[in-house]
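Heads up: the structure comes next, in structure tokens.
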Amino acid sequence: MMLTSRTKNLYQEVILDHNKKPRNYRVIDEPTHSAKGHNPLCGDRLDLYLTVSDDNVIQDVSFVGDGCAISKASASIMTTLLIGKSLEEAHEMFDGFHDLVTGKSEDDKALNNRLKVFAGVKDLPARVKCATLAWHTLNAALENKDEVTTE
Amino acid sequence: MMLTSRTKNLYQEVILDHNKKPRNYRVIDEPTHSAKGHNPLCGDRLDLYLTVSDDNVIQDVSFVGDGCAISKASASIMTTLLIGKSLEEAHEMFDGFHDLVTGKSEDDKALNNRLKVFAGVKDLPARVKCATLAWHTLNAALENKDEVTTE
Amino acid sequence: MSVTFEHKKNGINTENEMKRRIAEIRRDFPILNRKVNDKPLVYLDNGASTQMPKQVIDTISAYHTYHHSNVHRGVHTLSQESTDLYEEARETLKKYINASSTKEIIFTSGTTDSINLVMHSYAKKFLKKGDKILVSNMEHHANIVPWYMLSKSHDVEIVVIPITDSGELDLDTFHDLLDDDVKIVAVNHVSNALGTINPIEKITETCRERGIITVVDGAQACAHLTVDVQTLGCDFYAFSGHKMHGPTGTGLLYGRKELLDVMDPYRGGGDMILSVSFDEIIYNEAPFKFEAGTPAIAQVIGMGAAAKYINEQDKKFIHSYEQKLLEYATDKVSDVPGLKIIGTAENKISLISFIIDGVHPHDIGTILDEEAVAVRTGHHCAQPVMQRYGIPATTRASMSFYNTFEEIDALVLALKKVTDLFDVN
Amino acid sequence: MSVTFEHKKNGINTENEMKRRIAEIRRDFPILNRKVNDKPLVYLDNGASTQMPKQVIDTISAYHTYHHSNVHRGVHTLSQESTDLYEEARETLKKYINASSTKEIIFTSGTTDSINLVMHSYAKKFLKKGDKILVSNMEHHANIVPWYMLSKSHDVEIVVIPITDSGELDLDTFHDLLDDDVKIVAVNHVSNALGTINPIEKITETCRERGIITVVDGAQACAHLTVDVQTLGCDFYAFSGHKMHGPTGTGLLYGRKELLDVMDPYRGGGDMILSVSFDEIIYNEAPFKFEAGTPAIAQVIGMGAAAKYINEQDKKFIHSYEQKLLEYATDKVSDVPGLKIIGTAENKISLISFIIDGVHPHDIGTILDEEAVAVRTGHHCAQPVMQRYGIPATTRASMSFYNTFEEIDALVLALKKVTDLFDVN
Ligand SMILES: Cc1ncc(COP(=O)(O)O)c(C=O)c1O
Ligand SMILES: Cc1ncc(COP(=O)(O)O)c(C=O)c1O
Chain A
2 MMLTSRTKNL
12 YQEVILDHNK
22 KPRNYRVIDE
32 PTHSAKGHNP
42 LCGDRLDLYL
52 TVSDDNVIQD
62 VSFVGDGCAI
72 SKASASIMTT
82 LLIGKSLEEA
92 HEMFDGFHDL
102 VTGKSEDDKA
112 LNNRLKVFAG
122 VKDLPARVKC
132 ATLAWHTLNA
142 ALENKDEVTT
152 E
Chain B
2 MMLTSRTKNL
12 YQEVILDHNK
22 KPRNYRVIDE
32 PTHSAKGHNP
42 LCGDRLDLYL
52 TVSDDNVIQD
62 VSFVGDGCAI
72 SKASASIMTT
82 LLIGKSLEEA
92 HEMFDGFHDL
102 VTGKSEDDKA
112 LNNRLKVFAG
122 VKDLPARVKC
132 ATLAWHTLNA
142 ALENKDEVTT
152 E
Chain C
3 MSVTFEHKKN
13 GINTENEMKR
23 RIAEIRRDFP
33 ILNRKVNDKP
43 LVYLDNGAST
53 QMPKQVIDTI
63 SAYHTYHHSN
73 VHRGVHTLSQ
83 ESTDLYEEAR
93 ETLKKYINAS
103 STKEIIFTSG
113 TTDSINLVMH
123 SYAKKFLKKG
133 DKILVSNMEH
143 HANIVPWYML
153 SKSHDVEIVV
163 IPITDSGELD
173 LDTFHDLLDD
183 DVKIVAVNHV
193 SNALGTINPI
203 EKITETCRER
213 GIITVVDGAQ
223 ACAHLTVDVQ
233 TLGCDFYAFS
243 GHKMHGPTGT
253 GLLYGRKELL
263 DVMDPYRGGG
273 DMILSVSFDE
283 IIYNEAPFKF
293 EAGTPAIAQV
303 IGMGAAAKYI
313 NEQDKKFIHS
323 YEQKLLEYAT
333 DKVSDVPGLK
343 IIGTAENKIS
353 LISFIIDGVH
363 PHDIGTILDE
373 EAVAVRTGHH
383 CAQPVMQRYG
393 IPATTRASMS
403 FYNTFEEIDA
413 LVLALKKVTD
423 LFDVN
Chain D
3 MSVTFEHKKN
13 GINTENEMKR
23 RIAEIRRDFP
33 ILNRKVNDKP
43 LVYLDNGAST
53 QMPKQVIDTI
63 SAYHTYHHSN
73 VHRGVHTLSQ
83 ESTDLYEEAR
93 ETLKKYINAS
103 STKEIIFTSG
113 TTDSINLVMH
123 SYAKKFLKKG
133 DKILVSNMEH
143 HANIVPWYML
153 SKSHDVEIVV
163 IPITDSGELD
173 LDTFHDLLDD
183 DVKIVAVNHV
193 SNALGTINPI
203 EKITETCRER
213 GIITVVDGAQ
223 ACAHLTVDVQ
233 TLGCDFYAFS
243 GHKMHGPTGT
253 GLLYGRKELL
263 DVMDPYRGGG
273 DMILSVSFDE
283 IIYNEAPFKF
293 EAGTPAIAQV
303 IGMGAAAKYI
313 NEQDKKFIHS
323 YEQKLLEYAT
333 DKVSDVPGLK
343 IIGTAENKIS
353 LISFIIDGVH
363 PHDIGTILDE
373 EAVAVRTGHH
383 CAQPVMQRYG
393 IPATTRASMS
403 FYNTFEEIDA
413 LVLALKKVTD
423 LFDVN
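Here the protein sequences come in this chain order: A, B, C and D. Be aware that the first sequence starts at 2, since it is given in this note's numbering, and climbs by one per residue. Be aware that the second sequence starts at 2, since it is given in this note's numbering, and climbs by one per residue. Be aware that the third sequence starts at 3, since it is given in this note's numbering, and climbs by one per residue. Be aware that the fourth sequence starts at 3, since it is given in this note's numbering, and climbs by one per residue.
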């Protein structure tokens, strides 16, 4: 069946796969950080859990929640990339990702390839919030805020 | 100076005269009936006083108040016509007058000539309320209502 | 396509005749010529806002171009024309819902504003601690949040009328919930999330017997049903211009005169007063006492033009046509793998809310938009409905009389692209 | 005609150049071509409603024709376009009044609605029995009645700031009235009945020092002055679309973010919530928490277009042109027998309120209308001003930058017909 190129760009295989089988989709019982993300546009909610070591390295990260393919895949891929990273690296990753989905940087060499599957988001401004929800929630968790909304 | 025919029709000599020198412009100290009329469109107010005999004949009628030429002249002319009339005659007069200013009857032979000077009002629907304020107040007074507004 | 035609009485006994009529109606709506992503727009978001015929668009432009002026207090020609047009619209709307007097027609800025007016001006004055307000589980937030605010400020209780699995009011439980503390019953005429048409007359009859005030949210009914407030027997009826082919920025509250007379205004300003001094203010009568300030003159006139437009249609024809669209769409979407309709009441307007296994509505919405099919996805400002069915959101296709069977086909085709992509089967 | 020209800096050094510019502006306003009683309309009722340039009329029509759709929650193209246009207007208006953030820009249905919002959402929450609200004697009912309602429901006291014979705020007395009970000062930026421009900065400075909240009614300022809420230093600023060459049905409330954050919404419904269940409702942030329901989308977009139109003018030129009109008109009407100007403040917008000995304003209005001159007569929703001067009403000619010296001449000629007819000398 013919799909538009924008649709194909947005819903890449990797995204569909992570949507169907989200990684690290579980609750961490005693996290060092956690936060709830909320996108009122679609009513989506996402709970994020982190275990961060004393020397600021992410030991474990997980999420549960309901959401569209973009937000779910984004959360799932984020968790796979963060384990073992320092907080600083996590922040850098977010910045690069943010620039990508908002169309600010065309081709950031430093950006992890698994994040680049979200490049199609920049053509659909309404979906930027879906793609960044997990990341905003991450920020909130690290800043010890309980809740964050994207609106 | 050239005036439009509508203006000339509306502001006939008689009306201008009554406006300038309103008749029966006074307070009756112990009226049998009285009411306050109010036209919120122009903020006009009119106090009407009546002395009606036991056999329902209007012995005296007067008014005071602020208002446009049309409402003042209408009140003034009304008072001059009512003295000595029965309540029934007063009501009939109002009906004829009302039909005239709302354009319902073209030429009511029975109508007092002094009322016919208000024929021009029918071309200016916004002024009907001015012309009828005194009469509505009369009705209110006779029905023992304190106050009446035309809106 | 398989549609049956039983319109002999109306003289519409061929498919062609029906299509001709609809094509003619479509010509009145300029936006239907729009392309989205180079494809003809398929507008199935009428539940959110209906489109305006050129008769309405032109009425507003003409008002702006020739008559614009403030109403009610001007003696000059423009102001008189504006006032006449504005009050004519009140008369038109009075007839549109068969109110008994224009004094019962209050112009507001929309359904939401109308219901808030009832809350502030009626409920705050007459309800007291411990009183109950019955609200159905299928209400739009506009008919929930104001009561919630009241429950916080005035300590009244909100009691929920449950709904059945098919999305109908559970009338038995409703009757059981009625006790002497119930002072207001607030329900929508038609649910925007489910399409259900509620049996308002039955509800108001019961309430009237018990002296309970009924507040009916007619936002989704005003374009699709013939609304007769006297037959419905409700105390208040609220709806919006933009839900009945009129402009945004205006709405209406019908209220029974006896109630309006004893209510206090909730907004103060010009035009709603008889006199003002710093010692005493005397309010005007209804409807004016509730219309403080310069009203939405152009929009009210536009809403009047919309009511006139609808009245000029063959209502029997458009209503039955909308039902045919519903039948057709219900039938066709059932072919889509994993699709489940939410809201299967017996009486529905032409609206289908649905979910698809494993695909989030937001993704459906995006892909459908790529195909130029405009639907709404989300909770439709009716989160309690979502909670009732244990889902975060639905996709909603809401039809109007200008939609076509071909557009339903386009919807279904686009949905199949979704299920293909997401590998639903 | 005798007008002086000191516009060398602007390059406008001839009367012809000025007239050419105004003629060009007039071409933007289709209604100025209207005839009334076969004479060209002379529209001098801009204080009631300003006229719309075709740029605004067309923006609204284009929105209706190509984009109309509900905002904020839709994923489809039309809904995104509408949302973008709507939020762009918020950005435009933010700049128009130099607010520091779009979060401080709340769209309402008009000035009246804006002030009522402050009353319901701020004052009801934070004022208590015995507190005082200072209101000037030159306020429009929109800035009186809401406070009056509050005084009744919450037992606060309204204290009146007197005005001088020329129609200026009596600032000495104002200062004397300030005590620890004063919690709110509500004044208009410009008086609609007198034309006075008030020294808002001085007032807000005093109030800020004392922690008093300032509510400024900018209805008459928004088209005629450059409004900068940060320089003005007020807490709230309210105005209407239809007073600044935009459509009816929309208005704006500027509020300082710290205040908006702690205020509760006064209308509940869709779009102003984050989540709704029958147990708990979480409100959205400002400005959304104050914009319940479908907003006046087309009208807000139209108001944005109006702000853009004004911004594109040479503001220095139009403001000084309006002042020339005022000077000219003030001079010319003084030739009319028995005419007395009410409101002779030093700083005025281009507006003249007057009475004529022995002729009621209503009669003046009717006769002027016969001559196609549109003025407003009455109390202008400012009865306390009338009471202050001991008059029932005035006639008001209110100018805009599209008015001409010839139109002032037409006004004066028509007034002389009045005084002739009524034999005033
Ligand atoms: C000074 C002033 N304040 C408030 C208002 C009320 O504005 P609106 O009727 O648009 O709410 C007006 C307009 O008449 C006004 O002139
Ligand atoms: C059933 C129902 N009630 C109320 C509303 C609110 O209408 P508005 O947003 O025009 O105030 C809507 C529209 O979304 C609705 O569908």
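Positions of the beta carbon are idealized from the N, C-alpha and C atoms, including for glycine.
(Q) Using only the alpha-carbon positions, how far apart do THR396(D) and LYS418(D) sit? (A) 17 Å
Q) How is the alpha helix (DSSP H) around PHE114(C) delimited, first residue to last? A) The displayed chain sequence assigns Thr, not Phe, to residue 114(C). 113 to 119 is the span of the alpha helix (DSSP H), which, as asked, contains THR114(C).
(Q) Please report the distance separating the alpha-carbon of ILE29(A) from that of ASN57(A). (A) 18 Å
(Q) Taking 8 Å as the cut-off, is the beta-carbon of ASN200(C) closer than that to any non-hydrogen atom of ligand 2? (A) no
Q. By DSSP, does PHE292(C) sit in helix, in strand, or in coil?
A. helix
Q: Work out the CA separation of VAL102(B) and LEU125(B) for me, nearest whole Å.
A: 9 Å
**Q.** Opening and closing residue of the alpha helix (DSSP H) in which ASP263(D) lies
**A.** 259 to 264
Q) Looking at the unbroken alpha helix (DSSP H) that takes in THR8(B), where does it start and where does it end? A) 6 to 11
Q: Starting from the Cα of GLU2(D), find the closest Cα among LEU196(D), LEU261(D), ASN72(D) and give me that residue.
A: Nothing can be reported for residue 2(D): it is not among the residues displayed for chain D, which extend from 3 to 427.
Q.
Considering only their Cβ atoms, is the gap separating SER72(A) from LEU51(A) smaller than 9 Å?
A. no
Q: Using a Cβ cut-off of 7 Å, pull out every chain D residue sitting near ASP67(B), in sequence order please.
A: PRO394
Q) For ligand 1, which residues count as neighbours when the test is a C-beta closer than 7 Å to any heavy atom? A) GLY271(C), GLY272(C), GLY295(C), THR296(C), GLY49(D), ALA50(D), GLY112(D), THR113(D), THR114(D), ASP115(D), HIS142(D), ALA144(D), ASN145(D), ASN190(D), VAL192(D), SER193(D), ASN194(D), ASP219(D), ALA221(D), GLN222(D), SER242(D), HIS244(D), LYS245(D), GLY253(D), CYS383(D)
Q: Taking only the alpha-carbon atoms, compute the straight-line gap between ARG398(D) and GLY49(D) and give it to the nearest angstrom.
A: 8 Å
Q: May I ask you to report which of helix, strand or coil DSSP gives ARG36(C)?
A: coil
Q: Could you give the DSSP three-state label for GLN232(C): helix, strand or coil?
A: helix
Q: Identify the contact partners of TYR12(A) in chain C, using a Cβ-Cβ distance below 7 Å as the criterion.
A: LEU423
Q: Would you kindly report the start and end of the unbroken alpha helix (DSSP H) that includes VAL15(A)?
A: 14 to 21
**Q.** Contact belief for ALA294(D) with ARG269(D) at Cβ below 8 Å, rounded distance in angstroms
**A.** 4 Å
**Q.** HIS362(C) at chain A interface by Cβ criterion, 9 Å
**A.** yes
(Q) Measuring only the C-alpha atoms, how far is PRO55(C) from VAL73(D)? (A) 20 Å
(Q) Let me confirm a value: GLY213(C) is counted as buried when at least 16 other C-beta atoms fall within 10 Å, else exposed. Which label applies? (A) exposed
Q. So what does DSSP say about GLN222(D), is it helix, strand or coil?
A. coil
Q: Under 8 Å by Cβ, that's how I've got ASN100(D) and MET140(D) pegged, so tell me the actual separation to the nearest angstrom.
A: Wrong, their Cβ atoms sit about 25 Å apart, outside the cutoff.
Q. If you drop the 5 nearest sequence neighbours on each side, which residues of the same chain put their C-beta closer than 7 Å to that of THR94(C)?
A. GLY306, ALA309, LYS310
Q | Test: ASP47(D) CB closer than 9 Å to a CB of chain C | A | yes
Q) Shorter than 9 Å from the beta carbon of ASN427(D) to some beta carbon of chain B? A) no
(Q) Run through chain B and tell me which residues come within less than 7 Å of VAL73(C), C-beta to C-beta. (A) Residues of chain B passing the Cβ test: none, with the nearest at roughly 11 Å.
Q.
Taking the straight line between their C-alpha atoms, what separation do you get for LYS21(A) and ASP359(C)?
A. 11 Å
Q | Interface partners of ASN118(C) on chain D, CB under 9 Å | A | TYR268, ARG269, GLY270, GLY271, ALA294, GLY295
Q.
Does chain D have any CB closer than 9 Å to the CB of ILE78(B)?
A. no
Q: Indicate the three-state DSSP secondary structure (helix, strand or coil) for VAL158(C) in the structure shown.
A: coil
Q | Inter-residue spacing [alpha-carbon to alpha-carbon] between PHE407(C) and THR368(C) | A | 22 Å
Q.
Could you give the first and the last residue of the continuous alpha helix (DSSP H) run that contains LEU134(B)?
A. 129 to 143
Q | Own chain, CB closer than 7 Å to ASN39(C), minus 5 neighbours either side, in chain order | A | GLU372, ALA374
Q. Where do the ends of the beta strand (DSSP E) carrying HIS39(A) lie?
A. 34 to 40
Q.
Let's see if you can read the secondary structure: which residues bound the alpha helix (DSSP H) around LYS334(C)?
A. 317 to 335
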